[in-house]
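Quick notes on the structure that follows.
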Amino acid sequence: MLITGYENHPLVDGSTLLTDPAFWAVHALMVGATGLDDPRRDFGVDTEDAEELDERLFDPDHWPVFTVPLHSGAALHVIYRNLADDMGLDYVLSGPAWPHDLWLAAVEGCFVGPGLSWHELITTAHQAPTSAPTSTADSSRRLLLLLPTLGDADLPDSAVPALTAALTHTTASPAPQHVAETLLRKNHAYWQPAHWTKLANGALVCDEYHSRRCPRHPRAFTPEQALAITQALTGT
Numbered sequence: 005m006l007i008t009g010y011e012n013h014p015l016v017d018g019s020t021l022l023t024d025p026a027f028w029a030v031h032a033l034m035v036g037a038t039g040l041d042d043p044r045r046d047f048g049v050d051t052e053d054a055e056e057l058d059e060r061l062f063d064p065d066h067w068p069v070f071t072v073p074l075h076s077g078a079a080l081h082v083i084y085r086n087l088a089d090d091m092g093l094d095y096v097l098s099g100p101a102w103p104h105d106l107w108l109a110a111v112e113g114c115f116v117g118p119g120l121s122w123h124e125l126i127t128t129a130h131q132a133p134t135s136a137p138t139s140t141a142d143s144s145r146r147l148l149l150l151l152p153t154l155g156d157a158d159l160p161d162s163a164v165p166a167l168t169a170a171l172t173h174t175t176a177s178p179a180p181q182h183v184a185e186t187l188l189r190k191n192h193a194y195w196q197p198a199h200w201t202k203l204a205n206g207a208l209v210c211d212e213y214h215s216r217r218c219p220r221h222p223r224a225f226t227p228e229q230a231l232a233i234t235q236a237l238t239g240t
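Position in the sequence shown (from 1) plus 4 gives the number in my numbering.
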């Protein structure tokens, strides 16, 4: 598995973890939502199972990668960056004709994001190509895998029901609607909800300074890169 910037790191296919209910609990907790900190209460997962999953998921010798292919031919890679002194969750977007992959967001102490608007999140969740691996073809799995990179101040009324349905389908949460509301409304551990607008060339950008999709970020994407990202995510 070759991803720009990770050539010398121990990337491994993480798809086998997706059948473990504990994975979805641990992954959702990466959002950093206030009030979600008990795997059993929030996700119906034994604490011991979550701790065992932690050891597999955050193994410095094995960095799980989950690839979400898109209709555009691009793919979003979700990477558990298990550096001993710099662990985090990275989102990298690759395009079939791009000279290199683009680092979209990072959930960590030195965070970068948001990486996706709600419209992009729900669109990518529901646009699995027919050639998508079985492990990431399911729209609920795709939605939950990409959720930590969301940042949107203008969530539609359909957001909570959509996430509730994904949690119900994928997890054993005894209170999926409450968990969905918390994940969407109290997810300010890293960046603030962003307002998204379009540039003159049609590229979607945001106003959250911590995001590379914000024109004011010191490492902001160029207008051309921003447009390529928008087109890759939405299939336009």
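The beta carbon of each residue, even a glycine, is placed where N, CA and C say it ideally should be.
What does DSSP give as the partner residues of residue i in its beta bridges?
i, result
"Met91", "Asn86"
"His81", "Thr71, Val96"
Taking the beta strand (DSSP E) that residue i belongs to, which residues open and close that run?
i, result
"Trp200", "200-202"
"Val209", "208-210"
"Asp17", "15-17"
"Trp107", "106-111"
So which of the options has the shortest CA-CA distance to residue i?
i, options, result
"Ala109", "Asp50, Val164, Pro152", "Pro152"
"Val30", "Gln235, Asp211, Thr175", "Thr175"
"Leu15", "Thr234, Leu33, Tyr84, Val49", "Tyr84"
"Phe115", "Ser215, Lys202, His13, Gln235", "Ser215"
"Leu231", "Trp102, Gln131, Asp89, Ala166", "Trp102"
"Val49", "Ala179, Ser135, His192, Glu185", "Ala179"
"Leu167", "Ala157, Val183, Asp158", "Val183"
"Val181", "Pro137, Leu40, Asn205", "The amino acid occupying residue 181 in the given sequence is Gln; Val does not appear at that position. The option with the nearest alpha carbon to Gln181 is Leu40."
"His75", "Ala169, Cys210, Ala129, Ala26", "Ala129"
"Ala207", "Ala88, Leu237, Ala198, Ala37", "Leu237"
"Arg189", "His104, Val111, Leu87, Val164", "Val164"
"Ala198", "Thr186, Asn205, Leu61, Pro219", "Pro219"
"Trp195", "Ser135, Asp211, Lys202, Thr201", "Asp211"
"Gly113", "Ser135, Trp200, Leu87", "Leu87"
Let me know the secondary structure DSSP gives residue i once reduced to three states.
i, result
"Leu40", "coil"
"Val49", "coil"
"Leu154", "strand"
By the DSSP assignment, the alpha helix (DSSP H) with residue i in it spans what residues?
i, result
"Trp122", "122-129"
"Gln229", "227-238"
"Phe27", "25-33"
"Glu185", "180-189"
"Pro222", "No alpha helix (DSSP H) contains Pro222, which DSSP labels as neither H nor E."
"Leu173", "The sequence given here places His at residue 173; Leu does not occur at that position. Element bounds for His173: 163-174."
Do residue i and the ligand ADP come close, with the Cβ less than 6 Å from some heavy atom?
i, result
"Tyr213", "The model on display carries no ligand, and the ligand ADP is accordingly not part of it."
- Task: Would you check if the segment 6-13 and the segment 87-99 touch, i.e. whether three or more CB-CB distances between them fall below 8 Å?
- Result: yes
- Message: Whether or not the segment 60-71 and the segment 219-232 are in contact is what I'm after, with contact meaning three or more pairs of Cβ atoms, one per stretch, closer than 8 Å; do they touch?
- Response: no
- Query: Should the segment 44-59 be called in touch with the segment 120-127, which here means at least 3 C-beta pairs below 8 Å?
  - Reply: The segment 44-59 vs the segment 120-127: no contact.
- With contact counted as at least three CB pairs below 8 Å, one residue from each stretch, are the segment 122-136 and the segment 153-173 in contact? Yes, since at least three Cβ pairs between the segment 122-136 and the segment 153-173 fall closer than 8 Å, the two stretches touch.
- Message: For the structure I just gave you, are there three or more beta carbon pairs, one from the segment 18-32 and one from the segment 74-81, closer than 8 Å?
- Response: no
- Hey, is the segment 138-147 in contact with the segment 19-26, meaning 3+ C-beta pairs nearer than 8 Å? yes
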